[in-house]
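Residue numbers in the sequence shown follow my numbering, run continuously in steps of one, and reach 227 at the last position. For every residue, glycine included, the Cβ atom is placed at its ideal position computed from N, Cα and C. Owing to the predicted nature of the structure, the values given are computational and were not obtained by experimental measurement. Have a look at the structure below, then the notes.
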Amino acid sequence: MTDSAFEKLLAENPWPETKGLIAWDYTLGGYGRDMIDTIIRDKKPRFMLEIGCFLCSSSRRWLSVDPELKLVGVDPWSDHLIEQVQRYVGRPKLTREYPNMEDQKRFASDVERQGPFPTALANMRGFEDRFVPYRGLSPDALYELKGKGFEPELIYIDANKQAVDLDVCHELWPNAQITGDDWHWSRSKGFPMRDIVYAFAEKHGFNVKAEHATWILER
Ligand SMILES: C[S@@+](CC[C@H](N)C(=O)[O-])C[C@H]1O[C@@H](n2cnc3c(N)ncnc32)[C@H](O)[C@@H]1O
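In structure tokens form, the structure reads like this:
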């Protein structure tokens, strides 16, 4: 992967206008992300792929760890996220983050008024030359990125809890380290992500390391 291939991707996937927009650095992810910070710090991957970015709080985090890191984020950023965010108002997770109900309502109405995609990119200000917002769905978007010469060394999966995300990442980028979120999701639903990650690890000979919501695959 070359810097010029990344620059081409950036040019083909322009950011929306974010001037005057309000950024909300709200994450849907769980704890344990310091394991990913450590990989970024120690292994110094130059290129990373994140599948499922939402408002880009995690994306912002990865790029803040290492000023040399460049990231492609895949997400449709569809308007369905507006309704999703509205459902969070009054729920414990959003209330922990924004205890004031007026803030929660403002959050939901800003996402609706500004749109999920511009709101996410407003949260990425300062990273204009290191983040490509790639609008699309995994796994199709992954094949497209491969075709454009994108070669991530580190992958973080935080999308729809699908085995196909891991399978296609490994098929396309066998040397990339695959990691992700949703390890804790959810006890009442039988921890579906754990089953997916364990089955994948067994099939391909990886060890699984997990803390809180975060999992990583290692040789
Ligand atoms: C849990 S959120 C991501 C949270 C984000 N990483 C953070 O820390 O705040 C899941 C996201 O995955 C996106 N998504 C769902 N299915 C996807 C797919 N097949 N490919 C890419 N993104 C997907 C959704 O649009 C949503 O924004």
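Helix, strand or coil, according to DSSP, for residue i in the structure here?
| i | result |
| --- | --- |
| Trp70 | helix |
| Glu226 | strand |
| Gln170 | coil |
| Glu152 | helix |
| Ile165 | strand |
| Lys27 | coil |
What's the gap between the Cα of residue i and the Cα of residue j?
| i | j | result |
| --- | --- | --- |
| Lys78 | Ser194 | 31 Å |
| Asp227 | Ser117 | It should be noted that the sequence gives Arg, not Asp, for residue 227. Arg227 and Ser117: Cα-Cα distance of roughly 45 Å. |
| Pro24 | Arg143 | 12 Å |
| Gln122 | Lys217 | 38 Å |
| Cys64 | Ala167 | 12 Å |
| His220 | Gly40 | 5 Å |
| Phe14 | Asp50 | 22 Å |
| Asp111 | Thr127 | 16 Å |
| Trp191 | Ile165 | 11 Å |
| Leu17 | Met43 | 28 Å |
| Val303 | Asn215 | Not covered by the structure: residue 303. The range shown for the chain is 9 to 227. |
| Trp85 | Ser196 | 28 Å |
| Arg99 | Met109 | 10 Å |
| Asn183 | Lys113 | 44 Å |
| Thr46 | Glu120 | 35 Å |
| Lys169 | Asp74 | 27 Å |
| Pro124 | Phe115 | 11 Å |
| Gln185 | Gly28 | 37 Å |
Locate the alpha helix (DSSP H) running through residue i, then write down its first and last residues.
| i | result |
| --- | --- |
| Tyr96 | His88 to Tyr96 |
| Tyr206 | Pro200 to His212 |
| Glu105 | Pro100 to Glu105 |
| Ala218 | No alpha helix (DSSP H) holds Ala218; the beta strand (DSSP E) holding it covers Asn215 to Glu219. |
| Glu120 | Met109 to Gln122 |
| Thr234 | Because the chain here runs from 9 to 227, residue 234 falls outside it and cannot be looked at. |
| Asp11 | Asp11 to Glu20 |
Output the boundary residues of the beta strand (DSSP E) element that contains residue i.
| i | result |
| --- | --- |
| Met56 | Phe55 to Ile59 |
| Glu76 | From DSSP, Glu76 is part of no beta strand (DSSP E); its letter is neither H nor E. |
| Phe139 | Phe139 to Tyr142 |
| Gly188 | Gln185 to Gly188 |
Compare the C-alpha of residue i against each of the options and name the closest.
| i | options | result |
| --- | --- | --- |
| Thr69 | Leu36, Gly98, Glu226 and Tyr96 | As written in the sequence, residue 69 is Arg, which differs from the Thr given in the question. Nearest option by C-alpha distance: Leu36. |
| His178 | Asn168, Asp203 and Ala209 | Ala209 |
| Val6 | Asp166, Pro22, Asp11 and Ser12 | Because the chain here runs from 9 to 227, residue 6 falls outside it and cannot be looked at. |
| Gly81 | Phe115, Thr26 and Leu57 | Leu57 |
| Ser66 | Trp181, Trp32 and Gln185 | Trp32 |
| Glu76 | Pro124, Arg114 and Pro53 | Pro53 |
| Leu71 | Phe214, Ile224 and Arg138 | Arg138 |
| Thr187 | Glu136, Asp83, Val205 and Asp74 | Val205 |
| Ile163 | Arg202, Val97, Gly60 and Lys101 | Gly60 |
### Query
Using 8 Å as the threshold, is the segment 102-109 in touch with the segment 167-180, meaning 3 or more CB pairs across them?
Three or more beta-carbon pairs separated by less than 8 Å are not found between the segment 102-109 and the segment 167-180, which leaves the two stretches without contact.
### Message
With three or more beta-carbon pairs closer than 8 Å as the criterion, would you say the segment 153-164 touches the segment 125-135?
### Response
Short answer: they don't touch.
### Query
Touching or not, the segment 139-148 and the segment 89-96, by the rule of three or more beta carbon pairs under 8 Å?
The segment 139-148 is not in contact with the segment 89-96.
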